[in-house]
Amino acid sequence: MNAFSLLFTYTAARLVLWMVLMFAFVGLNALVLVWVERKVAGYVQLRPGPLHVGPQGLLQPLADAVKLMGKQLLTPAAGDKVLFWAAPLLAFTPVMVCFLPMPFDPRFNPLPMNLGLVLILAFSGLGVVSLCLAGWGSNNKWSLLGAARAVAQSVAYEVPLLLSAMAVAICAGSLDLYTIVGRQGGWPWQWYGVKNPLAFVIFLICAVAETNRAPFDLPEGESELTAGFHTEYSGMGFGIFFLAEYANMVIVSGVAAALFLGGWQGPFLPGVWWFLLKIYGILLFIIWLRWTFPRVRFDQLLNLSWKWLTPLALLDFALAVVMAGMRI
Amino acid sequence: MPTLDPIAMLGDRSSVRFEPGPTEDKMILNMGPQHPSTHGVLRIMLELDGEYILRAEPILGYVHRMHEWIAEQKTYMQFIPNMGRVDYLHAMAWNWAYVGAVERLAGIEVPERAEYIRVAVTELNRISSHLVWWGAYLLDLGAFTPILYAFDDREQILDILQDVTGSRLTYSYFTIGGVYNDVPADFRERCIKFVSRMRSQLPMYRDLVTSNAILRGRCEGIGELTAEVARRYGATGPVLRGSGIASDTRTSEPYGVYDRFHFRIPTYTEGDAMARYRVRLDELETSCEIIEQAVANLPEGPIATKISRNFKPPKGEASMAVEGARGKVLVHVRSDGGPKPYRVKLRAPGFSNLSLFPELAQGTLIADAVSILGSLDLVIPEIDR
Amino acid sequence: MIPPCVAAMNATHAVAMDYAATGVVASVSLTAETILDAVAVLDREGYLLEDVMASDLKEGFEIAYHFSLFEGKSRLVLRLIAPHDAPKVPTISGIYPGADWHERECFDFYGIDFTAHPNLHYLLLSEDFEGHPLIKAETARKGLVDLMPQSWLEAVGLAKPQAPKTATPENLPPARPGAKE
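Next comes the structure, spelled out in structure tokens:
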């Protein structure tokens, strides 16, 4: 351990170690999430899900990955090649940056910064640009509709998302996720999710909308737009979008766990396990939503955001300022 | 005698041909023929302003198999299997319509046992058709789970009907003069068991799905159809009953032994997609009632009147209307006294129901168009024949 | 039983039919000039348009319009004959918009020209199809006497009413049903 903690003092080494760990984490998570999603979908739909590939279908995600990698990469002839292939790359890259300020464990902070929350929210907004490029570069009217929907949806749901996150930041007095988690405690009544439940609910709804998950999966709208913005992608192109979607889900769940569920705080177990447990709890909830509800219509989606969530989030922000003033 | 001017009466018709070529601020988009929500091979040309539909024109014929020409080449008995392929989801209704028309023409009387069996299997088939519609409609709206619950229930029906007819989907069970095969000994108890299972599932479907706020937002107020417009377009079935007109062929012109059964005709007056949805869900209950009564009163006896090998009905023409899951199925048969029909006309309810679509879809969003199409319950092979 | 509204149509023949044998209660024969007014009468009475079908007969193309009310056994068939060489019939889609597609289908299969139809091109057959498939060969065509029931033929005067049958050798029925004398 001594050599390890010696290495730790060098910032560069810390960052490299962190990036390696995060790549591994994201990759492993994608595999696990694919399996969890398919199993949950199966049991909700009265069937067992993957069962044959490995014990209880545990090797199914590997089989899927191999299949996707083996497929031919097609580019639409009349589309814009550069934009078409820039889109998946752009979908994946911001994801890695977003993991830098994620508070897994109090002992291991790769890059102490005081604006972690802002960094995550800023870079997750970049994902929309990739959807736009995908929709335009495909030279397909259905993809274009998907991209247009994605932009409007993303813009609409950014506002309440930010407001609800800010409400917590005001209460905690900091934009650094490590500090925010530190201000909470191990027990549920010490979490901000219980002290400010409205912000929690708004944040969750906006999180589902920002990651384009059902019931807000209009840009991908399978039964209306064939496959929306990723209609024309085959093989690994589609695989990267898929991966980015799951990584986005993990990020957004991580932020929710840190802001509202107390992050690494919890009795008996070391912090990182609690954090992972809470992330997976929220992920299960998001997956459960997908297989239960039908899709909202586009104007209903925007109405929900602009007419309901934004005013409520503003109200909640005002409440949070009062609460912070009263030192709750 | 003042004659009416057809040109003046046309007014502003929405089914006018699309002009080729681009326009300044409108987009022409093809929905189909390969599309997850067009329920078969249907192509709809949409003229869009953003996501709003300015005009819609369905383009048919991708599954056109010229059944009416085939009918003139085959003998009366040989054509029966074709009827199962016209609307494969409610094949029994088409079987009945065709066979009923020929029986009317030839004056053949069907034995009582066969009549009761016909009612029972047609109602079972109606339930399985409505279950497919329900699952597929919700799939179009983005709910991925109900279709699997619906298919689970439907498997029970398919098992029962497989033991009766030998097929799971495209039944050719009816014959001129009765039915082809007798029902097995456990038919009655299996039907009763199925009906009680179906009745226990329906409350869950109502609570989890029909009352869901998102579903109601996608269906209420969408595709409003007045009774007058429905009549002028020839709409029948749940589309008509969702607009307030309590007209069902089983009660308006009873065929077979339907006049001996007691059942409700569900009708709703709103005329929107939600009303049509509710009509069909209530029809599941109605069909359960009819099946119970049919298997309770099933008489003994022969299952078919024998007809000659070289069956030649007398010259004449006959029409038979049957209430299918989608609406009024009508088959017209004209005979010249020979072994093959002279003319067979198949009137599909979906044909008239789909012709409503351009008018219903005007000014709505694409998502609403998908919802309207689903609420019309279309099976394209029936429309194209 | 012929419904009373038929009296307002300028019908050539109006024949009551046996519902149990044919599925219709009355058959009304019209011409291309009188069909529009007849359909308008039915629209005022609240009839539903069921379908428009065509058949290829010796006399020409016979177009049959089936209407019925919402309740009761009330199916009416309006029929008219259009000559083979110039099959022009006015469209009824101004009164019943549902007839639009039914008439297009008749055009597909028989080439009937519905004047003033807004959209008369192939519906079920492909755009570049040529011809009209259900038109029969000259030798295969049959006439009304071969296709209509005896009671209808007697009512419109195409067949002599037959004397009541008694089982004596002199009153043997003709060798083929519906054979002309």
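Protein chains in written order, with this note's numbering: chain A, 118 to 445; chain B, 2 to 386; chain C, 920 to 1100. Cβ coordinates follow ideal geometry from the N, Cα and C atoms, glycine included.
Do Arg155 of chain B and Ser173 of chain B have their beta-carbon atoms positioned less than 8 angstroms apart in this structure?
In the second sequence, residue 173 of chain B corresponds to position 172, counting from 1. In the second sequence, residue 155 of chain B corresponds to position 154, counting from 1. Not closer than 8 angstroms, so no.
So, with DSSP's three-state summary, where would you put Asp273 of chain B?
In the second sequence, the residue the question calls residue 273 of chain B occupies position 272. Reduced to three states, the DSSP call for Asp273 of chain B is coil.
Output yes or no for whether 8 angstroms exceeds the beta carbon distance between Thr171 of chain B and Arg86 of chain B.
Translated into the one-based positions of the second sequence, residue 171 of chain B becomes position 170. Translated into the one-based positions of the second sequence, residue 86 of chain B becomes position 85. Here Thr171 of chain B is near Arg86 of chain B, since their CB atoms are less than 8 angstroms apart.
Please classify Leu1066 of chain C: is it buried, with 16 or more other beta-carbons within 10 angstroms of its beta-carbon, or exposed?
Walking along the third sequence from the start, residue 1066 of chain C turns up at place 147. By the 10 Å Cβ count, Leu1066 of chain C comes out buried.
Give the secondary structure of Glu286 of chain B by DSSP, where H, G and I count as helix, E and B as strand, and everything else as coil.
As a first step, residue 286 of chain B is located in the second sequence; it is residue number 285 there, counting from the start. Correct three-state label for Glu286 of chain B: helix.
Rounded separation between Asn83 of chain B and Lys27 of chain B - CA only
Walking along the second sequence from the start, residue 83 of chain B turns up at place 82. Walking along the second sequence from the start, residue 27 of chain B turns up at place 26. For Asn83 of chain B and Lys27 of chain B, the gap between their C-alpha atoms comes out near 43 angstroms.
Which chain B residues sit within Cβ distance under 8 angstroms of Pro411 of chain A?
Numbered from its first residue, the first sequence carries residue 411 of chain A at position 294. Within 8 angstroms Cβ-Cβ: Leu139, Leu142, Gly143, Ala144, Asn213, Ile215, Leu216 and Arg219.
Relative to the C-alpha of Leu401 of chain A, which candidate in A:Gly233, A:Phe385 and A:Arg330 has its C-alpha closest?
Counting from 1 along the first sequence, the entry for residue 401 of chain A is found at position 284. Considering only alpha carbons, the answer is A:Arg330.
Under the assumption that Met353 of chain A contacts Met186 of chain A (Cβ atoms under 8 angstroms), give the Cβ distance between them as a whole number of angstroms.
The residue labelled residue 353 of chain A in the question sits at position 236 within the first sequence. The residue labelled residue 186 of chain A in the question sits at position 69 within the first sequence. Contact annotation, Met353 of chain A with Met186 of chain A: C-beta distance approximately 6 angstroms; criterion of less than 8 angstroms satisfied.
To the nearest angstrom, how far is the alpha carbon of Gln202 of chain B from that of Ser288 of chain B?
As a working note, residue 202 of chain B is residue 201 in the second sequence. As a working note, residue 288 of chain B is residue 287 in the second sequence. In this structure, the CA atom of Gln202 of chain B is about 14 angstroms from the CA atom of Ser288 of chain B.
I think Val323 of chain B touches Tyr256 of chain B, with their Cβ atoms under 8 angstroms apart; what is that distance to the nearest whole Å?
Position 322 of the second sequence holds residue 323 of chain B. Position 255 of the second sequence holds residue 256 of chain B. So it is a contact: roughly 6 angstroms between Cβ atoms.
Put Met219 of chain A into one of helix, strand or coil per three-state DSSP.
Within the first sequence, numbered from 1, the residue matching residue 219 of chain A stands at position 102. DSSP places Met219 of chain A in coil when its eight states are reduced to three.
When DSSP builds the beta bridges, which residues end up paired with Asp141 of chain B?
Within the second sequence, the letter at position 140 stands for residue 141 of chain B. For Asp141 of chain B, no pairing in a beta bridge is given by DSSP.
Please list, in chain order, the chain A residues whose beta carbon lies closer than 9 angstroms to that of Asp378 of chain B.
Reading the second sequence from its first residue, position 377 is the one you call residue 378 of chain B. What Asp378 of chain B touches in chain A: nothing, since even the nearest Cβ is about 16 angstroms away.
Tell me which same chain residues have a C-beta within less than 7 angstroms of the C-beta of Met275 of chain B, skipping the five on either side of it?
Along the second sequence, one-based indexing puts residue 275 of chain B at 274. A distance below 7 angstroms between beta-carbons, with the five flanking residues on each side excluded, links Met275 of chain B to the following residues of its chain, in chain order: Arg217, Cys220 and Glu221.
Are at least three pairs of beta-carbons, each pair with one atom in the region 308 to 321 of chain A and one in the region 239 to 247 of chain A, less than 8 angstroms apart?
Judged by Cβ distances under 8 angstroms, the region 308 to 321 of chain A makes no contact with the region 239 to 247 of chain A, as fewer than three pairs qualify.
Taking Gly317 of chain B as part of the beta strand (DSSP E), name the residues at either end of that continuous run.
Indexing the second sequence from 1 puts residue 317 of chain B at position 316. Residues Gly317 to Glu324.
Short check: CB of Thr348 of chain A to CB of Ser260 of chain A, under 8 angstroms?
Along the first sequence, read from residue 1 onward, the residue named residue 348 of chain A stands at position 231. Along the first sequence, read from residue 1 onward, the residue named residue 260 of chain A stands at position 143. Going by C-beta atoms, Thr348 of chain A is nearer than 8 angstroms to Ser260 of chain A.
Give a yes or no on whether 8 angstroms exceeds the smallest Cβ distance from Ile373 of chain B to chain C.
As a first step, residue 373 of chain B is located in the second sequence; it is residue number 372 there, counting from the start. Using a Cβ-Cβ cut-off of 8 angstroms, Ile373 of chain B does not count as an interface residue toward chain C, since no Cβ of chain C sits closer than that to its own.
Going by C-alpha distance, which of B:Glu318, B:Ser248, B:Pro204 and B:Ser320 is nearest Glu990 of chain C?
In the third sequence, the residue the question calls residue 990 of chain C occupies position 71. Of all alpha-carbon atoms in B:Glu318, B:Ser248, B:Pro204 and B:Ser320, the one lying nearest the alpha-carbon of Glu990 of chain C is that of B:Ser248.
How about Cys1025 of chain C and Ile982 of chain C: are their beta carbons less than 8 angstroms apart?
Against the third sequence, residue 1025 of chain C aligns to sequence position 106. Against the third sequence, residue 982 of chain C aligns to sequence position 63. Yes. Within cutoff.
Looking only at its own chain, which residues have a Cβ that is under 6 angstroms from the Cβ of Val970 of chain C, when we skip the five neighbours before and after it?
As a position in the third sequence, residue 970 of chain C is number 51, starting the count at 1. Per the sequence shown, the amino acid found at residue 970 of chain C is Asp instead of Val. Around Asp970 of chain C: His985 and His1021.
8 angstroms Cβ cutoff, Ala322 of chain B in contact with chain C:
Counted from its first residue, the second sequence places residue 322 of chain B at position 321. By this cut-off, Ala322 of chain B is an interface position.
Between which residues of its own chain and Leu226 of chain B is the CB-CB distance below 6 angstroms, once the five residues before and five after are set aside?
Position 225 of the second sequence, counted from the first residue, corresponds to residue 226 of chain B. Residues Ser244 and Gly272 of the same chain have their beta carbon placed closer than 6 angstroms to that of Leu226 of chain B, with the five preceding and five following residues left out of the count.
Residues that Arg994 of chain C contacts on chain B, provided the C-beta gap is smaller than 7 angstroms
The count along the third sequence starts at 1 and reaches residue 994 of chain C at position 75. Those within 7 angstroms of Arg994 of chain C in chain B are Ser320.
What residues from the region 1037 to 1049 of chain C come within 7 angstroms of chain B, judged by C-beta to C-beta, listed N to C?
Within the region 1037 to 1049 of chain C, contact with chain B at the beta-carbon level (separation under 7 angstroms) is assigned to Pro1037, Asn1038, Leu1042, Leu1043, Leu1044 and Ser1045.
Count the other C-beta atoms from every protein chain shown that fall within 10 angstroms of the C-beta of Met219 of chain A, then say buried if there are 16 or more, exposed otherwise.
Walking along the first sequence from the start, residue 219 of chain A turns up at place 102. Buried, since its Cβ has 16 or more Cβ neighbours within 10 Å.
Mind checking Gly143 of chain B: buried by the 16 CB within 10 Å criterion, or exposed?
Locating residue 143 of chain B in the second sequence gives position 142, counting from the first residue. Buried, because 16 or more other Cβ atoms sit within 10 Å of the Cβ of Gly143 of chain B.
Would you grab the beta carbon distance between Ile54 of chain B and Arg44 of chain B for me? Rounded to a whole angstrom, and I think it's under 8 angstroms.
On the second sequence, residue 54 of chain B is found 53 positions in, with the first residue counted as 1. On the second sequence, residue 44 of chain B is found 43 positions in, with the first residue counted as 1. At roughly 15 angstroms, the Cβ-Cβ gap does not stay under 8 angstroms, so Ile54 of chain B and Arg44 of chain B are not in contact.
Between the region 149 to 165 of chain B and the region 182 to 191 of chain B, do three or more beta carbon pairs fall short of 8 angstroms?
In short, these stretches touch, since the Cβ pair count reaches three.
From the DSSP output, in three-state form, read off Val947 of chain C for me.
On the third sequence, position 28 is the one that residue 947 of chain C refers to. The three-state secondary structure of Val947 of chain C, taken from DSSP, is strand.
Gly179 of chain B - DSSP class collapsed to helix/strand/coil:
Translated into the one-based positions of the second sequence, residue 179 of chain B becomes position 178. Per DSSP, reduced to three states, the secondary structure at Gly179 of chain B is strand.
Figure out for me which residue from A:Gly290, A:Phe377 and A:Lys184 has the closest Cα to the Cα of Gly442 of chain A.
For the purposes of this step, residue 442 of chain A is taken as residue 325 along the first sequence, with counting starting at 1. When each option's Cα is compared against that of Gly442 of chain A, the closest is A:Gly290.
How would you call Trp135 of chain B, buried or exposed, if buried means at least 16 neighbouring beta carbons within 10 angstroms?
For the purposes of this step, residue 135 of chain B is identified with residue 134 of the second sequence, where counting begins at 1. Counting Cβ neighbours within 10 Å, Trp135 of chain B comes out buried, since at least 16 surround it.
Just to make sure I have the definition right: I need the residues of chain C whose C-beta is within less than 7 angstroms of the C-beta of Ser244 of chain B. Which are they?
Here residue 244 of chain B corresponds to residue number 243 of the second sequence, with the count starting at 1. One finds nothing in chain C with a Cβ atom closer than 7 angstroms to the Cβ of Ser244 of chain B; even the nearest lies about 11 angstroms away.
Asn126 of chain B by DSSP, collapsed to three states: which one?
In the second sequence, the residue the question calls residue 126 of chain B occupies position 125. Helix, per DSSP.
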